[in-house]
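Data first, discussion second: the structure below is written as C-alpha cells.
Residue numbers (UniProt numbering): 1 to 788.
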C-alpha cells in the first residue's frame, strides 16, 4: 500500500532563493558576510533567507528560516559575533537530520545555500549537496513530499565562506575574523609592554590555535616577541637552552627590559609532547630568575566588532558568493571563496578542505617542513622572516665581509603607520646579515645638512635596541620630509659619496616614488646614484604607482572606521541624521571607497568620479526615500564619505548644508572632518606584518646586486623599483625602461596611478547601499551587477 504525500504548501520560486547560515565557532566579520549576501541577492533579483542557529536551524525549520529584507541587515557591519546565531549541530551530522533539512528547504523554496564557517562546516555542506538527490528521493518514497514538489529543486547549489579566527584553511591568505582576532592579541600585548618594561618582567602570552599557528606567528611579528611556539614548526630538541640563551643575550648584552614569548595553545615539541605556557614560564623563572607571568587571552580574541579588513573581506566574499551561486551548474564543484594577495577568487571547496587536513596529518607524521609548506603561500615566508629579525647576529646567517653593504634608509612624504616597522625590520635583517644600516633623519634636507657647516648627525648607524622599540610605534621616529632630491641634487650626490651608500631604501608615498625616479634619471650626471634603490610604499592614500597596497592604508582605514562607528551612534540616537565625513587621500579615492564598504556608507564621493549637482540631487532624493520608509524605526544612522579633493566647489560643509536644506526638516545633516586623526594611532597588525615582509624582500632584492659594477647595476631596469603587491604576486616593478612605471602607469598631475584596481569597488559600495538604482523598490526590479 502506497502512502500519499501530505499537502504541504511549497513555495516554488519564480526567481532564485538563496539562504545563508553561519556555523561552527563565531568570528568577527560574519555579520558583514550575511549582510552582503542578503543585499547582493536582493540586488540580483533573488530572495534572501537567513538560517538561524546554523545547521540546527536548518534541521528544525519553521521560524528558524526567515526571509530577509534590505533593511533587516542595516547596521550589521559594526556588530560582533553572528546575529543569526551559530551552533554545532549533532542532528545534521546524521542522515535523518539532513533529510529534515532538505525537506525544510524545499518547503521554503530554497535552492542555494551559502555557508560561513570552518572546514568542518564546509565539509558538511558539501556532503549535503552530494546527498541532495537521494535525500529528495527518500522524502518522496516516504510520502513526505511528491515528485512534482521536488522536481523544481533537483539541484542544490552550495558556496562556502570561511569564518575562522585561526586562519587555518589552505588556499587562502586570510579567513573572515582572523585579523580582528590578531588585533585583539596585539592590543593586549601592547598593553602588557608597559608593565613588562617597568618591572623588567617576562610575559608568556598564550593565544588560540590548536592546529594552526597563524595567530601566534603574526602576533610574534607584530609585537617583536623574543620567542615563538607554533604547531607547524616545533622547536628542535634542546630548545630550552637556546631560548634562554637568546633571551639572556637580548636582556644583558642588548639592554632589553622586557621579554615576550608567544605560544599557540596547540604548541608541541618534535615528539608531539605539549608545550604549555606554564612550562615556558617555569623555565624562564627557574633558569634565568626572570619574574615571569602568564597571560591566557582565551575567548577575548573572538569578541568585539570586526576590524576594517575583516569587514571588507566578508563583504567582498559575500558578494562573490552570490555571484558564484548564479554562475553554478549541476556539474560545478562546490566552491569556497578565497583571497590571494588582495584578489577574491574561487577554488573547489573540498580541495581546500583536503589540503587543510593534510597539514594535521603531516604534523602527526612529524613532517613539519611539509606542514608549514601546506599553509598559505605567505606562512613559511613570514616564519622565515621572523627568524631573520628575531635572531640578529646569527652566525649561520652572517655574510662574508666582501658581501656586506652600507644600506641607507630614508622616509619621504607624509608620515604613515608602518614606516617604523619597515625600518625596524630592515635594521634587524642588516644586523643579522652583517650589513650596516644607516638611518637618514628628516628626509633629504636632513641628508644635506652638512652644507650649512653644522655637525653631521643626520646620518648614523641604527642600533638594534633603538629600532626594536619601534615595533608598535606610529609615525616616523627618524623623521620624514616632503622635500625631493631635485631641490639640491648636487648636494645629495655629495652626501651619497661621503657616506658611501651601497643601497637606498626609500619608505614613503608618492614623494618617495618621485624621489627615486629623480635619482634614477640623474644617474648619467651623478654616477654615485648607480646603486640599487627600492621604494617601499607607505602612505594612507595608497596612491603609489605599481602597487595595490601601501603601508599605513590599513591603519588609516581602521582609524576612520572607529571614527565613523562613533559618530554613527550620534546619528542613530536622533534616528534622522546624516553625517558627511571628509576623508584624506589626496587625489586618490581609495580610502573613501574602501571605508565606504567597511562602514556601509550611503555613498562615497571620490576625485576619480567627481561631484555634480545632478548626483547630489539624486542622492538627496535617495535619502528622502530612505527616511520616509524608515519612519524612525531603524536606529542605524547614515554616513556619506567625501574625499578631501573630490571637488573645490562642493565641500564637505556645503554638501551637508545642501542636504539639510533640501530635507525640509524631515531629517538633519552634519559635517565631520577627522583630519590628521586618520594618520595617527598605532599601526594595525596588517601594516606591521606586511612591513616586515616588504622590508625583508626589499633587502633580499638589494643583495642580488652585490658584486656588480655601477654600470651593470644601472643597466638593470629593476635596480630602481617599487616593491609591489599586484594581483596574486609580490614583485618589483621598475620605474624606468620600456615597461617602466614612470611612463606607463603614472599620472604625474594627479599624483596617482593611471589604473587603479580598487575602482570597481565603487560599484559594490553603491549596490550594497541601494544607491546604484535609487528610487526603485529594493525588493523588485533589480538587475544583477556584473563586474567589469
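For glycine and all other residues, C-beta sits at the position ideal for the given N, C-alpha and C.
Would you check if the segment 694-707 and the segment 317-327 touch, i.e. whether three or more CB-CB distances between them fall below 8 Å? No: the two stretches stay apart, fewer than three of their Cβ pairs being nearer than 8 Å.
What's the call for residue 289, buried or exposed, on a 16-neighbour Cβ count within 10 Å? Exposed, because fewer than 16 other Cβ atoms sit within 10 Å of the Cβ of residue 289.
Return the Cβ separation of residue 70 and residue 114 in integer angstroms, given the expectation that the two are a contact with Cβ distance under 8 Å. Actually they do not touch by this definition, with Cβ atoms about 17 Å apart.
Could you tell me which of 274, 143, 87 sits nearest to residue 116, measuring between CA atoms? 87
How long is the line joining the alpha carbons of residue 5 and residue 90, rounded to whole angstroms? With a pLDDT of only 41 at residue 5, under the threshold of 50, the placement of this residue in the model should not be trusted; the figure read from the coordinates follows. Taking the straight line from one Cα to the other gives about 28 Å.
Figure out for me which residue from 331, 322, 329, 330 has the closest Cα to the Cα of residue 337. 322
Do residue 590 and residue 647 come within 8 Å of each other at the CB atom, strictly closer than that value? Contact annotation: residue 647 and residue 590 have beta-carbon atoms that are not nearer than 8 Å.
What residue does the beta strand (DSSP E) around residue 671 start on, and which one ends it? 668-672
In or out: residue 400 buried (at least 16 other Cβ within 10 Å) or exposed? Answer is exposed; the Cβ neighbour count stays below 16.
Does the Cβ of residue 748 have 16 or more other Cβ atoms within 10 Å, making it buried, or fewer, making it exposed? exposed
Going by Cα to Cα distance, which pick from 292, 676, 518 is closest to residue 795? No statement about residue 795 is possible, as the shown extent of the chain runs from 1 to 788 and does not include it.
To which residues does DSSP link residue 116 through a beta bridge? 22, 161
Residue 479 beta carbon less than 8 Å from that of residue 509: In this structure, residue 509 lies away from residue 479, with their beta-carbon atoms at least 8 Å apart.
Please report the straight-line C-alpha distance between residue 752 and residue 537, rounded to a whole angstrom. 12 Å
Please confirm whether residue 516 and residue 720 have their CB atoms less than 8 Å apart. Yes, they are a contact pair.
According to DSSP, is residue 675 helix, strand or coil? helix
List the DSSP bridge partners of residue 274. 268
Leaving out five residues before and five after residue 542 in sequence, what residues of the same chain have Cβ atoms less than 6 Å from its Cβ? Result list for residue 542: 550, 553, 590, in chain order.
If we ignore side chains and look at the alpha-carbon of each, how far apart do residue 694 and residue 582 end up? 30 Å
CA nearest to the CA of residue 331, picked from 622, 411, 122, 130: When the alpha-carbon of residue 331 is set against those of 622, 411, 122, 130, the nearest one is in 130.
Would you call the CB atoms of residue 84 and residue 34 closer than 8 Å? yes
Using DSSP with H/G/I as helix, E/B as strand and the rest coil, what is residue 769? helix
Can you look up residue 554 in the DSSP assignment and give me helix, strand or coil? helix
Provide the residue(s) that pair with residue 605 in DSSP beta bridges, ordered along the chain. Residue 605 is bridged to 642.
Around the C-beta of residue 789, are 16 or more other C-beta atoms found within 10 angstroms, so that it is buried, or is it exposed? For residue 789 there is no data in the structure shown, the boundaries of the chain being 1 and 788.
Extent of the continuous alpha helix (DSSP H) to which residue 689 belongs: 685-703
Is the beta carbon of residue 216 less than 8 Å from the beta carbon of residue 262? yes
Mind checking whether residue 697 and residue 722 have CB atoms under 8 Å apart? no
Between the CA atoms of residue 349 and residue 16 - distance to the nearest angstrom: 22 Å
Could you tell me the distance, in whole angstroms, from the CA atom of residue 610 to the CA atom of residue 547? 23 Å
Quick check on DSSP: helix, strand or coil for residue 533? strand
How would you write the range of the beta strand (DSSP E) that residue 726 sits in, first residue to last? 720-726
For a minimum of 4 consecutive residues, which ranges assigned as the alpha helix (DSSP H) are wholly contained in the segment 82-114? List check, alpha helix (DSSP H) in window: 95-108.
Verify the contact flag: residue 40, CB atom, against every heavy atom of the ligand FMN, threshold strictly below 7 Å. The ligand FMN is not part of this structure, which contains no ligands at all.
Buried or exposed for residue 128, going by 16 or more other Cβ atoms inside 10 Å? Label assigned to residue 128: buried.
If the criterion is Cβ atoms closer than 8 Å, does the pair residue 260 and residue 226 meet it? Their beta carbons are under 8 Å apart, which means residue 260 touches residue 226 by this criterion.
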